[in-house]
Amino acid sequence: MKKIPAPDDIDFLILRTLSMYPEINQVELSKKVRLTQPAISGRLRKLQKLGILSSVNARVDPKALGLKVAKIDMHVRDGSTILEKFRRCPLIANSYAYDDNGLCMIVVGESKQIINCFASEHLAKNGSISDVRTETVTESLNGFRTNMDVSKKLDVPPCGDHPCNECEYYIDNGGECVGCPMTKFYKGSLWSSP
-16 MKKIPAPDDI DFLILRTLSM YPEINQVELS KKVRLTQPAI SGRLRKLQKL
34 GILSSVNARV DPKALGLKVA KIDMHVRDGS TILEKFRRCP LIANSYAYDD
84 NGLCMIVVGE SKQIINCFAS EHLAKNGSIS DVRTETVTES LNGFRTNMDV
134 SKKLDVPPCG DHPCNECEYY IDNGGECVGC PMTKFYKGSL WSSP
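Sequential numbering from -16 applies to the sequence shown in this note's numbering.
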């Protein structure tokens, strides 16, 4: 297998340009960095293969959709394990691990109740997590990017927790928990397939 070359000055120029103009298309990007569009396409693929650049995703303005956003801080025994567990959770817009075993998640949901359900049922009850604190975010500067494919509904949430249909909170909560959007048990509207 051919080794992918390390990023060079042109790659860094592409990354700087993308950070300044996140919605730019490849033709416009090629003009700004003075390369052909096929050359840009190849360099973007290279940066993706190196794990430097993720695939292009849509930017979502939570306020425009009526979504609620929260910052959830917690202490964890092993941040890497928790990050991996929730890597595919569609409620988590981003996560940050701190030096002192702290972890912060930016969570987006259809209501405060859904976010609170996530915090209380999936975080606070996890034996590796303590001191869970949730704060509502009232303004977002850049929105968030989404790349979650919820078209294939799973039987079990991607985090590996028990299926929604076996969860007492999902069954008997008065409608506060709509289930994991990645599963066939999801009752909400935001991530429902058409």
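We put the CB at the ideal spot given by N, CA and C, even for glycine.
Shown here, Lys29 sits in a helix according to DSSP, grouped into three states.
When secondary structure is reduced to three states using DSSP, Asp(-6) falls in the helix class.
For the pair Val59 and Ile75, the CB atoms are not nearer than the 8 angstroms cut-off. For Ala47, the enclosing alpha helix (DSSP H) starts and ends at 45 to 48.
Sequence-distant partners of Ile112 (beyond 5 residues in either direction) whose C-beta falls short of 6 angstroms from its own C-beta, in its chain, are Met57, Val59, Leu106. The C-alpha of Thr64 is placed about 14 angstroms away from the C-alpha of Tyr81.
Nearest Cα to Asn109 within the set Asn156, Gly143, Lys(-14): Gly143. Checking the DSSP bridge columns, you'll see Asp56 partnered with Cys87, Arg116.
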